[in-house]
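Asker: Position one of the sequence shown corresponds to residue 2 (our numbering), numbered consecutively onward.
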Amino acid sequence: MPSLKFLALASLVTTVAVAAETAKSAAPDADTMKRGQAVYSRTCIACHQPTGAGLPPVFPPLAGSEWIAKSASIAVRNITNGMMGPVTVKGVTYNGMMPPVTAVTDKDIADVVTYVNNSFGNSGSVVTEAEVTAIKNKYADRKTPWTAAEYEKEAK
Ligand code: HEC
């Protein structure tokens, strides 16, 4: 029979895990959104536009984008290594090139991806600095821009 101590520990672990899960899906706080918006204005706005609508057929929208919805890792990797076409977003095919976004910290990336995930009608996850660092480490050997074909192969 499991000891009481074990049961208490097990229930504590469950509580902490549930709390972490809840925190992840919760809406981002106002400070994060404010910082994310500032990074967006500095590094994304010229192409993806103030409303996230992009400039079809040259710059794709982030508003309602299936790539934003698919995984936060995609935006993080685009920022780090860039992305090259073709990519279809909301029924329009783009064949462009997003250059890597330089002069951003992992915290800036976390804030801007959280901002994009939760702006322009999007409703997505809060991304932490630690998650950005982990994604960058995982793909540290990557030197060329990502492609939609690669992202498509990945599970949601
Ligand atoms: C110089 C223009 C430019 C800048 C700056 C830029 N992008 Fe992009 N972005 C593009 C282009 C062009 C594509 C499509 C590339 C392709 O054809 O594969 C793209 C694709 C994307 C995609 C996937 C497609 C979509 O519409 O969802 C995401 C996500 C994205 N960008 C996020 C960002 C974020 C976040 C920033 C700022 C941190 C940023 N981009 C900065 C030009 C830009």
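Cβ atoms here follow ideal geometry from the backbone N, Cα and C, with glycine treated the same way. Every value quoted in this text rests on a predicted model; they were computed, and no experiment measured them.
#1: May I have the straight-line CA-CA distance separating N96 from V77, to the nearest angstrom?
#2: Excluding sequence positions up to five away, which residues of its chain have a Cβ less than 7 Å from the Cβ of G122?
#3: Do V102 and I136 have their C-beta atoms within less than 9 Å of each other?
#4: Between F121 and the ligand HEC, is there a pair consisting of the residue's CB and a ligand heavy atom that are separated by less than 8 Å?
#5: Determine contact between the stretch 136-149 and the stretch 25-42, defined as no fewer than three beta-carbon pairs at a distance below 8 Å.
#6: Decide if S42 is buried, meaning its Cβ has at least 16 other Cβ atoms within 10 Å, or exposed.
#7: Quick one: grab the DSSP three-state call for V117.
#8: Roughly how many whole angstroms lie between the Cα atoms of E22 and K157?
#9: Decide if V88 is buried, meaning its Cβ has at least 16 other Cβ atoms within 10 Å, or exposed.
#10: Thinking C-beta only, is T44 closer than 9 Å to A141?
Answerer: With the structure as the only source:
#1: On the sequence shown, position 95 is the one that residue 96 refers to. On the sequence shown, position 76 is the one that residue 77 refers to. So the alpha carbons of these two residues sit roughly 20 Å apart.
#2: Within the sequence shown, numbered from 1, the residue matching residue 122 stands at position 121. Answer for G122: A64, G65, listed in chain order.
#3: As a first step, residue 102 must be located in the sequence shown, where it is residue number 101. As a first step, residue 136 must be located in the sequence shown, where it is residue number 135. Contact flag unset, no.
#4: Mapped onto the sequence shown, residue 121 falls at position 120. For the ligand HEC, not one heavy atom lies less than 8 Å from the Cβ of F121.
#5: no
#6: Taking the sequence shown and counting its residues from 1, one reaches residue 42 at position 41. The residue is exposed, with fewer than 16 neighbouring Cβ atoms inside 10 Å.
#7: Against the sequence shown, residue 117 aligns to sequence position 116. Note: V117 maps to helix in three-state DSSP.
#8: The sequence position of residue 22 within the sequence shown is 21, counting from 1. The sequence position of residue 157 within the sequence shown is 156, counting from 1. Residue confidence for E22 is low, a pLDDT of 47 falling below 50, so the modelled location carries little weight and cannot support an answer.
#9: One-based indexing of the sequence shown puts residue 88 at position 87. Buried.
#10: The residue given as residue 141 occupies position 140 in the sequence shown. The residue given as residue 44 occupies position 43 in the sequence shown. Contact: no.
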